[in-house]
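Under my numbering, the first residue of the sequence shown is numbered 17, with each subsequent residue one higher. In this text, a Cβ means the ideal position worked out from N, Cα and C, and glycines have one as well. The structure presented is a predicted model; accordingly, all values stated were derived computationally and were not measured. This report concerns only the one structure given below.
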Amino acid sequence: LHRGAGAYICGEETAMLNSIEGKRGNPRIKPPYPAQAGVFGMPTTINNVETLAAVPHIVMRGGEWYKGLSLNNPKSTGTKLISVCGHIQRPGNYEVTMGTPMRELIYDMCGGMRPGRTLKAVIPGGSSVPIMSAAEAEDCLLDYEGVVAKGSMLGSAGMIVMDDTTDMVYQIWRLARFYAHESCAQCTQCREGTAWTTRILERILAGKGKQEHFQLLLDLSDNMTGKTICVLSDSCAAPIVSGIQKFRHEFEAYIQGAREPVLAAV
Numbered sequence: 017l018h019r020g021a022g023a024y025i026c027g028e029e030t031a032m033l034n035s036i037e038g039k040r041g042n043p044r045i046k047p048p049y050p051a052q053a054g055v056f057g058m059p060t061t062i063n064n065v066e067t068l069a070a071v072p073h074i075v076m077r078g079g080e081w082y083k084g085l086s087l088n089n090p091k092s093t094g095t096k097l098i099s100v101c102g103h104i105q106r107p108g109n110y111e112v113t114m115g116t117p118m119r120e121l122i123y124d125m126c127g128g129m130r131p132g133r134t135l136k137a138v139i140p141g142g143s144s145v146p147i148m149s150a151a152e153a154e155d156c157l158l159d160y161e162g163v164v165a166k167g168s169m170l171g172s173a174g175m176i177v178m179d180d181t182t183d184m185v186y187q188i189w190r191l192a193r194f195y196a197h198e199s200c201a202q203c204t205q206c207r208e209g210t211a212w213t214t215r216i217l218e219r220i221l222a223g224k225g226k227q228e229h230f231q232l233l234l235d236l237s238d239n240m241t242g243k244t245i246c247v248l249s250d251s252c253a254a255p256i257v258s259g260i261q262k263f264r265h266e267f268e269a270y271i272q273g274a275r276e277p278v279l280a281a282v
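Rendered as structure tokens:
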């Protein structure tokens, strides 16, 4: 068992290998892949704990049994552990069969929204995937293909549920600030992109936003996507782009002065 210092970037598989070797937790350029040259240069298999936990059951009961747990999708089989947090009655970890409706998870298993509140948005796969609107979430099946069909990704299945009290601009800024802080800074697009998107969002929240900031955020996000060693940069861009697409009116409210600033001027 190797203990890390808690850096988010060390969740990336090759950064984790560097961390185990006592090096700075920077992602490596691939190839070579870990199966070819991993920890200390040796072939290495990397799996999530969730995968390893499922292996004994599959060995004892067989692959067909595991596949049979899913609901009518031969591509996404078995079960998925989903960690649900946010504005719901019963946050927690839920093991669901692949293909379970997201609405069933939110309203039945998690007890629905807080009293008197309505669903506004869901981030289904951790903070690093596009935001889903309430309508998309309530009509989504919880498997890899079902979530992609609604414009997002299941990813790590760390689900964030937000109700109608959520300030989406502030929420997106918090995500961008997190990624700016956690960037290992070896790729220019990530180092500069996460920092600048955070600053622009801060200006908007401080009442100093301009119409041209929309295009600037989108251009930065485009240059941050698919151009770096790992996907941390992509992870910052995803909620920004989807947030502007689906909640642009909230950005406009700050820019036009219809909403009081929530941050000090920057």
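query, result
"Just checking my contact of Asn103 with Val177 at CB under 8 Å: how many whole Å lie between their CB atoms?", "According to the sequence displayed, residue 103 carries His and not Asn. Yes, His103 and Val177 are in contact; Cβ-Cβ is about 6 Å, under 8 Å."
"With DSSP as the reference, identify every bridge partner of Asn109, one or two as the case may be.", "Ser99"
"Could you check what DSSP says for Phe48 in three-state terms: helix, strand or coil?", "Checking the sequence shown, residue 48 turns out to be Pro, not Phe. In this structure, Pro48 counts as coil in the three-state DSSP scheme."
"Quick one: Cα of Gly128 to Cα of Thr60, how far?", "42 Å"
"Taking Cys101 as the reference, which of Tyr82, Gln205, Arg40, Gly141 has the closest Cα?", "Gly141"
"Thr244 to Gly132, Cα distance in whole Å?", "43 Å"
"Check whether the Cβ atoms of Leu121 and Leu158 lie closer than 9 Å to each other.", "yes"
"Less than 8 Å between the CB atoms is what I'm expecting for Cys200 and Ser249, so what's the real figure, rounded?", "Actually they are not in contact, since the Cβ atoms of Cys200 and Ser249 sit about 10 Å apart, beyond 8 Å."
"Going by Cα to Cα distance, which pick from Lys39, Gln261, Lys224 is closest to Val278?", "Lys224"
"Are at least three pairs of beta-carbons, each pair with one atom in the stretch 206–215 and one in the stretch 160–174, less than 8 Å apart?", "no"
"Can you tell me the Cβ-Cβ gap for Asp180 and Thr134, rounded? I've got them flagged as a contact below 8 Å.", "5 Å"
"Using three-state DSSP, classify Val138 as helix, strand or coil.", "strand"
"Can you pull the DSSP bridge partners for Val278?", "Paired residues: none, contrary to the question."
"Which of the three DSSP states is assigned to Met129 in this structure?", "strand"
"Using the DSSP secondary-structure output, state which residues sit across from Ser149 in a beta bridge.", "Ala137"
"What is the residue span of the alpha helix (DSSP H) that Met240 lies within?", "228–240"
"To the nearest angstrom, report how far apart His229 and Glu276 are at their CA atoms.", "18 Å"
"Taking all protein chains shown into account, do 16 or more other C-beta atoms lie within 10 angstroms of the C-beta of Trp81, making it buried, or fewer, making it exposed?", "exposed"
"Would Glu266 and Val138 be called neighbours here (beta carbons separated by less than 9 Å)?", "no"
"Is it the case that the Cβ atoms of Ile256 and Ala192 are separated by a distance below 9 Å?", "yes"
"By Cβ distance, which residues of its chain are closer than 6 Å to Leu85, with the 5 residues on each side in sequence left out?", "Gly94, Thr95, Thr113"
"Is it true that the CB of Ala153 sits closer than 9 Å to the CB of Met118?", "yes"
"Based on DSSP bridge pairs, tell me the residues matched to Val177.", "Gly102, Val138"
"Alpha carbon to alpha carbon, how far is Tyr160 from Arg44? Give it in angstroms, no decimals.", "27 Å"
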